[in-house]
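2 protein chains.
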Amino acid sequence: MNDLSSPLHSLKVTCSNCSLRELCLPVGLNRDEMAQLDAVIRQSRRFKRGEYLFRSGEGFRSLYAVRTGYFKTCVSSQDGREQVTGFHMSGELMGLDGISSNTHGCDAIALEDSEVCELPFSRMESLGRDIPSLQHHFFRLMSREIVRDQSVMLLLGNMKAEERLAAFLLNLSQRLASRGFAANDFILRMSREEIGSFLGLKLETVSRTLSKFQQQGWIRVDHKHIQLVRPEELKALVAGCSQANSAG
Amino acid sequence: MNDLSSPLHSLKVTCSNCSLRELCLPVGLNRDEMAQLDAVIRQSRRFKRGEYLFRSGEGFRSLYAVRTGYFKTCVSSQDGREQVTGFHMSGELMGLDGISSNTHGCDAIALEDSEVCELPFSRMESLGRDIPSLQHHFFRLMSREIVRDQSVMLLLGNMKAEERLAAFLLNLSQRLASRGFAANDFILRMSREEIGSFLGLKLETVSRTLSKFQQQGWIRVDHKHIQLVRPEELKALVAGCSQANSAG
DNA sequence: CGTGCTCTTGAGGAAGATCAAATCCCGTGG
DNA sequence: CCACGGGATTTGATCTTCCTCAAGAGCACG
């Protein structure tokens with residue numbers, strides 16, 4: 001037990017000693033339950049930037065939690081149009097849409113070199129039967145995804161370009177902050193086109209709007225490097241658009 | 249047991265004899281499990297047109313399944329803007345977004361006189377532990393909602409007015425057909441404004457687009473009465489926009 | 001038979017898309 | 001180390017779609 005403190009073993013990350021414990025599966029499990037969880041989860045599959053974690057249409061077996069790095073999920077149409085449905089950072093779960101049809105409903109692609117934990121779903125399901133708080137947590141996670149999707153619908157249905165981009169930046173900022181990173185100084189991992197796809201805008205509009213924010217002194221843009229200088233102005237822009245800050 | 253065949257008892261609808269069995273909770277339960285389910289579900293609360301089933305911000309206790317009638321769910325912003333997030337017909341579940349925060353995240357409003365079954369969530373949860381197939385079914389239902397939301401995101405992010413409305417009509421048609429109603433001749437239960445809110449369009453655009461479809465001979469519009477004359481033309485419009493037929 | 005909705009239709013305007021060109025950056029290979 | 005090529009980004013000019021404003025029509029209900 002104590003040998004876990006040895007740096008040599010630090011490669012073997014388990015849920016019980018994972019730094020994302022509180023973000024990812026914060027279920028208040030006891031030591032024994034945590035051990036059961038560790039036994040089920042296959043951790044640390046690595047993906048290089050651009051690699052697919054799964055593809056739409058593939059058989060669904062597992063959920064995936066981001067350990068490090070960054071992913072996007074997107075649905076693409078026959079004629080090549082693609083809609084980014086979300087960006088996913090550490091502690092976030094992907095693949096929930098696959099449960100309903102036993103088939104993944106979207107593509108998940110690494111935006112940078114990344115690492116994920118694999119959660120074989122049927123084993124998680126039976127584990128949930130033994131550990132009520134785990135079962136409940138899974139329901140909560142799926143519900144949270146539904147809430148997130150609804151706020152994206154609000155964004156796409158009601159907001160205009162500036163509001164969308166402001167909401168996007170603030171959401172990113174907040175999620176980074178909750179992971180201990182700087183809230184007002186960060187690197188975008190995705191291209192302007194991917195941001196646009198997510199927000200229902202063209203890449204030129206994203207670029208122009210970022211420039212406009214910069215001209216107004218609200219943000220500083222240096223390619224992928226973004227600084228929020230006056231986040232309160234961005235908030236004012238989104239205010240009145242309900243609680244659409246949970247998008248992502 | 250046999251006295252259930254008496255018409256006097258037909259008021260007492262249970263899951264086991266509900267005509268929506270296959271749509272709503274088609275879990276392949278045995279007789280005993282079905283009885284447990286019946287014991288938990290409080291059925292047949294009635295709502296008049298315009299009444300709220302629940303409101304955003306209210307405490308979350310239960311999910312609700314539509315038995316008869318029609319509901320909309322919507323999130324509304326401080327400044328009064330409202331985004332309809334879905335229309336719900338018989339057999340469909342509402343309230344899943346409340347699980348994550350123990351608080352309802354949207355309003356649910358009857359679009360006509362309606363009847364719902366109430367599913368106390370915590371009791372469903374523990375029942376799920378005893379009946380694995382029920383637990384699995386709940387996961388599937390939530391996942392299906394996520395898939396639906398994603399296809400709405402695709403619609404709002406990528407499609408133009410005509411495509412959106414065509415997708416909407418086809419989706420309605422398909423859901424009605426799967427309930428045994430005419431696929432190509434139906435009554436809209438919602439206003440143009442509500443359709444517009446759902447599709448991210450203004451009511452005038454909805455009206456204009458319906459008129460355009462009618463001029464082209466693809467549909468017939470008489471106020472709320474819609475007939476799909478050439479549904480294949482509508483399908484052609486949506487084709488290439490991926491499988492966005494699961495919107496609702 | 002008004003009154004008040006919802007709906008339709010038209011005209012003009014604005015937001016964002018499209019098309020196009022210049023710039024910048026990064027990784028590659030010499 | 002530096003030049004090169006391809007992709008990403010910025011910015012400008014124009015165009016399309018949809019929104020906004022406005023007026024009128026149709027229906028529902030008292």
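First to last, the protein sequences are chains A and B.
Sequential numbering of the first sequence, starting at 1, is according to the numbering used here.
Sequential numbering of the second sequence, starting at 249, is according to the numbering used here.
Using N, Cα and C, we set each Cβ at its ideal position, and we do this for glycine too.
Leaving out five residues on either side along the sequence, give the residues of the same chain with a beta carbon under 7 Å from the beta carbon of residue i.
i                : result
Leu359 (chain B) : Arg297, Tyr318, Phe319, Lys320, Arg437, Met438
Met249 (chain B) : Caution is warranted here: a pLDDT of 45 is assigned to Met249 (chain B), below 50, making its placement in the model unreliable, and the coordinate value is therefore given only provisionally. Hits under 7 Å: none found.
His225 (chain A) : Ile187
Cys15 (chain A)  : Arg21, Leu25, Met34, Leu37, Asp38, Ile41
Ser207 (chain A) : Arg192
Leu237 (chain A) : Glu162, Glu163, Ala166
Phe213 (chain A) : Ile219
Asn350 (chain B) : Gly307, Phe308
Would you please verify whether the beta carbon of residue i is less than 8 Å from any beta carbon of chain B?
i                : result
Val152 (chain A) : yes
Phe139 (chain A) : yes
Ala247 (chain A) : A caution first: Ala247 (chain A) carries a pLDDT of 41, below 50, which makes its placement in the model too unreliable to give a value.
Ser10 (chain A)  : Only weak support is given to the placement of Ser10 (chain A): the predicted model assigns it a pLDDT of 48, under 50, and the question is left unresolved by the model.
Gln83 (chain A)  : yes
Leu147 (chain A) : According to the sequence displayed, residue 147 (chain A) carries Val and not Leu. With 8 Å as the cut-off, Val147 (chain A) counts as an interface residue toward chain B.
Arg42 (chain A)  : no
Pro231 (chain A) : no
Ser49 (chain A)  : In the sequence as displayed, the identity of residue 49 (chain A) is Arg instead of Ser. Answer no: the Cβ-Cβ gap between Arg49 (chain A) and chain B never drops below 8 Å.
Leu237 (chain A) : no
Val66 (chain A)  : no
Pro132 (chain A) : yes
Val75 (chain A)  : yes
Asn2 (chain A)   : For Asn2 (chain A), the pLDDT reaches just 48, beneath the cut-off of 50, and the residue's location in the model is therefore unreliable, although a value from the coordinates is still provided. No, Asn2 (chain A) does not count as interfacial toward chain B.
If we define contact as Cβ-Cβ less than 8 Å, is residue i a contact residue for chain A?
i                : result
Met390 (chain B) : yes
Leu344 (chain B) : yes
His384 (chain B) : yes
Arg294 (chain B) : no
Glu373 (chain B) : yes
Arg377 (chain B) : yes
Just curious, the beta strand (DSSP E) that residue i is in, first and last residue?
i                : result
Phe47 (chain A)  : 42-47
Lys483 (chain B) : Counting along the chain, Lys483 (chain B) falls outside any beta strand (DSSP E), though it belongs to the alpha helix (DSSP H) covering 479-486.
Asp222 (chain A) : 219-222
Ile435 (chain B) : 433-435
Glu363 (chain B) : 362-368
Leu228 (chain A) : 225-228
Phe71 (chain A)  : 71-76
Ser426 (chain B) : Where Ser426 (chain B) is concerned, there is no enclosing beta strand (DSSP E), given that its DSSP letter is neither H nor E.
Leu311 (chain B) : 310-316
Gly86 (chain A)  : 82-88
Asp355 (chain B) : 355-358
Whose C-beta lies closer than 8 Å to the C-beta of residue i among residues of the same chain, with five residues either side of it excluded?
i                : result
Glu36 (chain A)  : Strictly speaking, residue 36 (chain A) in this sequence is Gln, with Glu absent from that position. Result list for Gln36 (chain A): Leu127, Asp130, Ile131, in chain order.
Leu29 (chain A)  : Leu37, Ile131, Ser133, Leu134
Glu82 (chain A)  : Cys74, Val75, Ser76, Ser197
Lys235 (chain A) : Ala166, Leu170
Asp107 (chain A) : Tyr52, Phe54, Arg55, Ser56, Thr73, Cys74, Val75, Ser76
Ser459 (chain B) : Val469
Gln491 (chain B) : Bear in mind that the predicted position of Gln491 (chain B) carries a pLDDT of just 47, short of 50, making it unreliable; the figure below should be weighed with that in mind. Same-chain partners within the cutoff: Ser399.
Lys202 (chain A) : Gly196
Looking at the unbroken alpha helix (DSSP H) that takes in residue i, where does it start and where does it end?
i                : result
Ile443 (chain B) : 440-447
Cys15 (chain A)  : First-last for Cys15 (chain A): undefined, no H or E at that position.
His137 (chain A) : 132-158
Lys460 (chain B) : 451-463
Glu299 (chain B) : Unbroken run through Glu299 (chain B): none, as it is neither H nor E.
Glu270 (chain B) : 269-272
Can you name, in chain order, every residue of its own chain whose Cβ lies under 6 Å from the Cβ of residue i, other than the five neighbours on each side?
i                : result
Cys272 (chain B) : Ala313, Gly339
His385 (chain B) : Val275
Arg144 (chain A) : none
Val84 (chain A)  : Lys72, Cys74, Glu194, Ser197, Phe198
His336 (chain B) : Val314, Phe319, Met342
Met390 (chain B) : Leu344
Contacting positions in the region 348-364 of chain B - beta carbon closer than 8 Å to chain A:
Ser348, Ser349, Gly353, Cys354
Assess contact between the region 295-314 of chain B and the region 421-428 of chain B, defined as three or more Cβ pairs (one per stretch) separated by less than 8 Å. Is contact present?
no
Tell me which residues of the region 155-179 of chain A have at least one Cβ-Cβ distance to chain B shorter than 8 Å, keeping chain order.
Leu156, Gly157, Asn158
With 8 Å as the limit, tell me which residues of the region 443-470 of chain B have their beta carbon closer than that to any beta carbon of chain A; keep them in chain order.
Ser445, Phe446, Leu447, Gly448
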